[in-house]
Every structure is written in C-alpha cells, then in structure tokens.
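Here is the structure we will look at.
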Amino acid sequence: MTKLFGLPVVVAFLAASSSATSLNETELLESRAAAMKKSCIITLPGVGRFNQYVKYDFAKWSKFPLGLSISNYGITADPEDEEHPFDQFYGPKNVVLKRGRPLQLRVPGGQTKSPIQGAEFTTAYDDILFASVRTVAKVSYVPGTCHGFFFYKSDTQETDIEIRTSFPSTLFLTNQKSSPKASASTFDTKSPLDMTSDFHEYRLDWLKGVTKFYVDGKFVGSLKRNVPVQPGKG
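Mapping of the sequence shown onto the UniProt record's numbering: position 69 corresponds to residue 69, and the numbering continues sequentially without gaps.
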C-alpha cells in the first residue's frame, strides 16, 4: 500500500540573507535579490523580527514554485546503524502536485530491499538563519513511515518535528546532537487524535538559543540545548 502525506499549505517567516513578500513565480527571485539593497522587516508578535515572508498554497500550483526544490538523492545505509538497515532514495516521481489538490508525498508500499523509496522537498535556498514556520498537513494512516518538518545544515545542525506512523499517538520534537559526542535534545507530546483524517498545523520556531514547538496554535514545549547556529535549508 502506498503511504501518502498531504500538504496543502506551508506558511513561513524566514530570517535569511534576503527577502520575498510575494509568491509570484516570475518575481520571486527578483524580489529576493532586491532585498539585498532594501531592508524589509516583518514583525511576528511574541516571536521576533524577520526579513522574509513566504506562503505556499500547493492547491493553487501546477508546478513547484522557484523557492522550493524537489529532492533527488540517495543515502547509503551505515552497516553499524541497526535502526536504518536500508539505503534510501528520495525521488521526484514520489512528489505529486496537481492544481486544486493537496501536495502528496508518496512512499510506495511493499518495499523489502534497498533502496527504500521516499519523497522530500526543501527550500531552494540554504542561507536561512532562524525562522517561524507553519505547515498544515494530513498524515498517512499506514504504519512504517516518518513524516518530518525540519531545518537542516548537517547532522549536527538540525531541528525537526517527526511523526512516525508506527506511533500514531505521539509527536517527536528534536534538536539533533550538536557534536558527535553529544546527545540529542528531544521530547515527545501527544499528536492530534484525527491527524490521519484531517489537516492540522505543525509549527516550529527556530530562534537564537531556543526552538519552540506548537500544534494547532498551542505551545507544546521548547528546547534550549543543541539549537542550530548555522544557516541551512528547510
């Protein structure tokens, strides 16, 4: 059985090296470059000030906007990692975007050998430093996948929200370990009861010295250890 992950809307406030205030596909790159010359500040009450605002409503698009990139790469399994025994591959064919429908990220069912197929997309820019991001999504009801919302520079510069469908009542919120000898900072919280049948908002605030997590606008916790300090991509 194919496992589906539906994403209708992503709303982002990003502190990057430049700014975009609209999502017109012909103007996005120009507005980002123009912000290098002209200051553009967005204030988010209770959170902070940012120099970029972007909103993606995937139901309105028939192709990916310039600000996002569909992943197309593989990961070779580590023989010493018992939790991840298979190679992985994230390919464009598993990302389905049709106007008027939610974006779908697919994991084909029945996979038993490497590479395990999955789907992913990221921001097209890798200079994001601090952000407040909301993702509205519906989760697959099929056990065996991990849905993630994250900022990533490297394995020691990452913060994420994970939904593991084999544990349908739990959300896992983590700052990955900041050095090979450190331990990850993590906690879990209850997931929405109907997250596989309805859309919910998952929010991650990555700020200086702290990451904060929200579900449907409700604060569920924060982490102050292993907070990423290097610019990366979402």
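Idealized CB from N, CA, C, for every residue including glycine.
Buried or exposed (CB count within 10 angstroms, at least 16 for buried), residue i
i, result
"V210", "exposed"
"N226", "buried"
"R106", "buried"
"Y202", "buried"
"I41", "exposed"
"Y73", "exposed"
"P180", "exposed"
"T145", "buried"
"D81", "exposed"
"P45", "exposed"
"P102", "buried"
"K224", "exposed"
Under 9 Å between C-beta atoms of residue i and residue j
i, j, result
"T156", "G234", "no"
"Y56", "L68", "yes"
"T170", "K138", "no"
"E158", "H147", "no"
"A75", "G232", "The sequence shown places Ile at residue 75, rather than the Ala named in the question. In this structure, G232 does not lie closer than 9 Å to I75 by Cβ."
"S185", "Y141", "no"
Whole-Å CB distance - residue i paired with residue j, under 8 Å assumed
i, j, result
"P143", "T165", "5 Å"
"Y177", "P228", "Going by the sequence as given, residue 177 is Lys instead of Tyr. About 11 Å separates the two Cβ atoms, so there is no contact after all."
"A77", "P85", "6 Å"
"F151", "W206", "6 Å"
For residue i, the nearest candidate out of the options (CA to CA)
i, options, result
"L173", "A77, F187, A131", "F187"
"P108", "G91, G100, P102, A124", "G91"
"H200", "F151, A182, T135", "T135"
"V215", "V133, Q230, Y141, P231", "V133"
"L204", "S185, A131, T145, P231", "A131"
"M195", "F58, A182, K212, P168", "P168"
"F58", "Q88, K224, Q104, D78", "Q104"
"E120", "D198, I70, Q230", "I70"
"D87", "R101, Q111, P102, G100", "Q111"
"F149", "G100, D126, K208, F213", "F213"
"Q230", "K224, D126, A182, S183", "D126"
"G100", "K63, F89, E83", "K63"
Check: residue i C-beta below 8 Å from any heavy atom of the ligand ZN
i, result
"K208", "The model on display carries no ligand, and the ligand ZN is accordingly not part of it."
Just checking, does the stretch 114-121 make contact with the stretch 217-231 on the three C-beta pairs under 8 Å criterion?
-> Touching, no.
At least three beta-carbon pairs within less than 8 Å, the stretch 42-50 to the stretch 88-100 | Output reads no: the stretch 88-100 does not touch the stretch 42-50.
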